[in-house]
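Numbering (UniProt numbering), first residue to last: 1 to 482.
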Ligand code: ASN
């Protein structure tokens, strides 16, 4: 009897302890996602580091609570997706607590209260919501300001244009592509204090408390720690210090810049490290994904000319499916969709690294086109050659290797070079999942200094030089192989 009870307890113990451990497990490291440009809550300073109320606050809380955190800054919309897909454990991004969000997020105690407010150019005649009739108002996707605009659209008759990040939204306002923006009041006021020629003609509307959030039901210990840490920082005065640092005086961090970023030279001087690291990621993405794509592409290309119908069919389906899906959707599907799906089935968070997701998406995309190049190359060799060789009793494989492929390869080479250039340019598309390659690096810099003309010119030249150099190199290789 005693033995039975003991055995019973032994079986129960692991089950029981699992349940308990899950609720207050402390991970060795928590990934916290945030916005990319949302000053004064989160923005890059002139040293290319992310600072702001949210950054200082989460770091101070992590220190207070003795946890390790890793911060990513993919932008608000992407940060929300990252938390929902389990790519990140929490989000701090000046995020408003709304009833709709409470259905999918658990929020911490509030650390700020914000309004949403309309911003227009200094020279604009817009003075009320009524003046917005038939005008276009920009807003960041997934934000509380967007909800406000959608709810009031039929009343005031404006058009809404959504943006994935603050910098492109403010850029569009500056260039006149949109007539107004809707954003959080402290953010608009802060940009005005930094010299932006904007004004806020209408009083703000409350959108609620600002808080830290986790995906509903997951990482409850993180919320507890945040609340405890926040209370401690409030008690010891550190919280007020953080607020004062960014809100009290206008002499703030962005203007401590010693290098003049209004010239191309100044921009390069201050950002070359960041640009080179972005370039490194772009090159790594392009080269690794292209190498993988060549292997997959050749396999499917060979399938497509195989004497077996089933192999031809497999190849056809692969090419049709991949070619039929836009690269950006493929990348988003791999990065956010699949982890979200796996979690909904297994209950386990299974994040995938953004570089890996980007590489997979680019590899599949290029592979589909390479398969077609391979098929075209092989089919361009007259069929008579295969027939003649087979009639001499030489096997299919040997004919392919010795007779067809050497000729086909020569025909394919220029197309491979072409496809590589396309793949390199396509790396900019996967920046949509928050991967900081060269294009995203440039956008982040523009978010800080609003120098879009010069910065995009710099980016264009970077790509032009790299692509020209690589094509030259590839042409040389091509000659050698021939
Ligand atoms: N205040 C915005 C929201 O909660 C957040 C942001 O734009 N970063 O929707």
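In this text, a Cβ means the ideal position worked out from N, Cα and C, and glycines have one as well.
Since we're looking at a predicted model, the values are computed, not measured.
query	result
According to DSSP, residues forming a beta bridge with residue 182	118
Complete runs of the alpha helix (DSSP H) confined to the segment 328-370 [at least 4 residues]	338-346
Distance cut-off 7 Å: residue 182 Cβ against heavy atoms of ligand 1	no
beta-carbon residue 143 near ligand 1 non-hydrogen atom, thresh 7 Å	yes
Own chain residues within Cβ distance below 6 Å of residue 31, not counting five before or after	70, 88, 89
Residue 272, buried or exposed, once every other Cβ within 10 Å from all chains shown has been counted against 16	exposed
Residue environment, residue 224, which counts as buried when at least 16 other CB atoms sit within 10 Å	exposed
Where residue 18 falls: helix, strand or coil (DSSP)	The pLDDT assigned to residue 18 is 40, lower than 50, so where the model puts this residue is not dependable, and the model offers no usable value.
Between the CA atoms of residue 461 and residue 100 - distance to the nearest angstrom	44 Å
Continuous alpha helix (DSSP H) assignments of at least 4 residues falling wholly in the segment 47-103	53-65, 76-84, 99-102
Where the alpha helix (DSSP H) through residue 209 begins and ends	No alpha helix (DSSP H) contains residue 209, which is instead part of the beta strand (DSSP E) from 205-215.
Top-ranked residue by Cα proximity to residue 421, from 369, 63, 78, 298	369
Residue 155 classed as buried or exposed, judged by whether at least 16 other C-beta atoms fall within 10 angstroms	exposed
Presumed contact (8 Å Cβ cut-off) between residue 57 and residue 119, rounded CB distance	About 25 Å separates the two Cβ atoms, so there is no contact after all.
Min CB distance residue 322 to chain B below 8 Å	Considering every chain present, this structure includes no chain B. It has just one protein chain.
Completely contained alpha helix (DSSP H) runs for the segment 255-313, where each covers 4 or more residues	264-304
Contact test: residue 38 Cβ vs ligand 1 heavy atom, cutoff 7 Å	yes
Backbone CA spacing between residue 256 and residue 246 [nearest angstrom]	Reliability fails at residue 256, whose pLDDT of 47 lies under 50, so the model's placement of it is uncertain and no value is given.
Candidates 374, 415, 274, 79, of which the one nearest residue 47 by Cα	274
Closer than 7 Å: residue 161 CB and nearest ligand 1 heavy atom	no
Where residue 252 falls, given that 16 or more other Cβ within 10 Å makes a residue buried	Confidence in residue 252 is poor, its pLDDT being 47 and thus under 50, which makes the residue's placement unreliable; the coordinate value appears in the next sentence. The residue is buried, with at least 16 neighbouring Cβ atoms inside 10 Å.
Residue 310: CB within 7 Å of a non-hydrogen atom of ligand 1	no
Opening and closing residue of the beta strand (DSSP E) in which residue 140 lies	136-140
Exposure of residue 443, with buried meaning 16 or more beta-carbon neighbours within 10 Å	buried
Residue burial classification, residue 236 (beta-carbon count within 10 angstroms, cutoff 16)	exposed
Any non-hydrogen atom of ligand 1 within 7 Å of residue 35 CB	yes
Identity of the residues DSSP links to residue 106 by a beta bridge	214
Three-state secondary structure (DSSP) of residue 413	helix
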